[in-house]
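Asker:
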Amino acid sequence: MIMQYRAVFYIKNNMTTEQPDNKTPEQYNETYFESGLVAGVSGYMNFGWLPEMTIRMAHKFITGLPISRQETVLDFGCAKGFLVKALRLLDIKAHGADVSEYAIKHVPSEVKEYCHLISGCADERLFERSYDWLLAKDVFEHLNEADMRLLLRRSRPHVKKMFAAIPLAADNESGKYIVPAYDLDVTHSIAKTKDWWADLFKSEGWNVESFNHNFDGCKENWRKWEEGNGFFIVS
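First residue of the sequence shown: -1, per the numbering used here; consecutive thereafter.
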């Protein structure tokens, strides 16, 4: 998971950052991924390769966005690189980046060369090349607003389109997600509404092409909460 490094408080376009916080990349460690639920730090337990789920999700991304075989993809916050593996199995030129040293060390051998450890949104290595798509599933909520803005600005010359799957809140004040399980992750920083996110994208020069509360193959187990997730395509 990608996360923040700086603590900043400012107001821009009537959007306030909920800083300071003291999260560090070291929080995305073995405990976070393998026993986070029992440790009370995340919803992860024994995070491993689930081909039936991940390959299906990759297929739905390819057909639903759509992504062509001529296009390149960056999985931003790739963790152990399972989505990168699934996309490459389906002949998509996928790459990954993550701040978790533990996760990157456990990327499957067949895609290790395509998944890279970065220090954060300011890392020059993040956009050493350009991509047709940046995919961010359950990642942007880990950033603070300052780093989210930095990412949106830095990616502008290097990314044509973004797909973002984001847990949503019912309001912009409570700091609580519509889906209660999302509150269990101590590294989550932003709990805001779909309109807040749409305004954020637009304020940094991105056009919101589409928004939906559902996307086939992605986060389907949370559909009990009809407005709990937001799926944005921006360009």
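Just so it is clear, CB atoms sit at the ideal spot from N, CA and C, and this is done for glycine as well.
Figure out for me which residue from Glu218, Pro165, Asp197, Val184 has the closest Cα to the Cα of Thr29.
Answerer: Ranking the options by Cα distance to Thr29, first place goes to Val184.
Asker: Tell me the DSSP bridge mates of Gly228?
Answerer: The partner list for Gly228 (beta bridge, DSSP) reads Ile164.
Asker: Which whole-angstrom value is the C-beta distance of Asp130 and Val71, which I expect to be below 8 Å?
Answerer: Rounded, the Cβ-Cβ distance is 7 Å, consistent with contact.
Asker: So Val109 packs on Gly79, CB below 8 Å; how close in whole Å?
Answerer: The pair is a contact, with the Cβ atoms about 5 Å apart (cut-off 8 Å).
Asker: Under three-state DSSP, which class holds Asn210?
Answerer: Asn210 falls in the strand class under three-state DSSP.
Asker: Taking only runs that begin and end inside the segment 97 to 131, name each unbroken alpha helix (DSSP H) of 4 or more residues, in chain order.
Answerer: Runs found: 99 to 103.
Asker: Give me the Cα-Cα distance between Ile217 and Glu126, rounded to the nearest whole angstrom.
Answerer: It is Lys, not Ile, that sits at residue 217 in the sequence shown. Straight-line Cα distance between these residues: approximately 30 Å.
Asker: Can you check whether the CB of Glu139 is closer than 9 Å to the CB of Pro238?
Answerer: There is simply no residue 238 to check, as the chain begins at -1 and stops at 233 in what is shown.
Asker: Name the DSSP beta bridge partners of Lys135, please?
Answerer: Per DSSP, Ala163.
Asker: List the endpoints of the continuous beta strand (DSSP E) containing Leu72.
Answerer: Run containing Leu72: 70 to 74, per the beta strand (DSSP E) assignment.
Asker: Report the partner residues of Ser33 according to the DSSP bridge assignment.
Answerer: Partner(s): Met43.
Asker: Decide if Gly203 is buried, meaning its Cβ has at least 16 other Cβ atoms within 10 Å, or exposed.
Answerer: When all chains shown are included, Gly203 counts as exposed.
Asker: Is the Cβ-Cβ distance between Asp238 and Arg54 less than 9 Å?
Answerer: What the structure shows of the chain is the stretch from -1 to 233, and residue 238 is not part of that stretch, so it cannot be assessed.
Asker: If you drop the 5 nearest sequence neighbours on each side, which residues of the same chain put their C-beta closer than 6 Å to that of Ile188?
Answerer: Result list for Ile188: Glu139, in chain order.
Asker: For Lys158, which of helix, strand or coil comes out of DSSP?
Answerer: Of the three classes helix, strand and coil, the one that applies to Lys158 here is strand, per DSSP.
Asker: Since Gly94 sits in a beta bridge, which residues does DSSP pair it with?
Answerer: Paired residues: Asp73, Cys113.
Asker: Kindly indicate the opening and closing residues of the alpha helix (DSSP H) around Ile60.
Answerer: Where Ile60 is concerned, the enclosing alpha helix (DSSP H) stretches over 49 to 62.
Asker: Among Asn44, Lys222, Gly228, Gly215, which residue has its Cα nearest to the Cα of Ser208?
Answerer: For the residues Asn44, Lys222, Gly228, Gly215, the minimum Cα distance to Ser208 belongs to Gly228.
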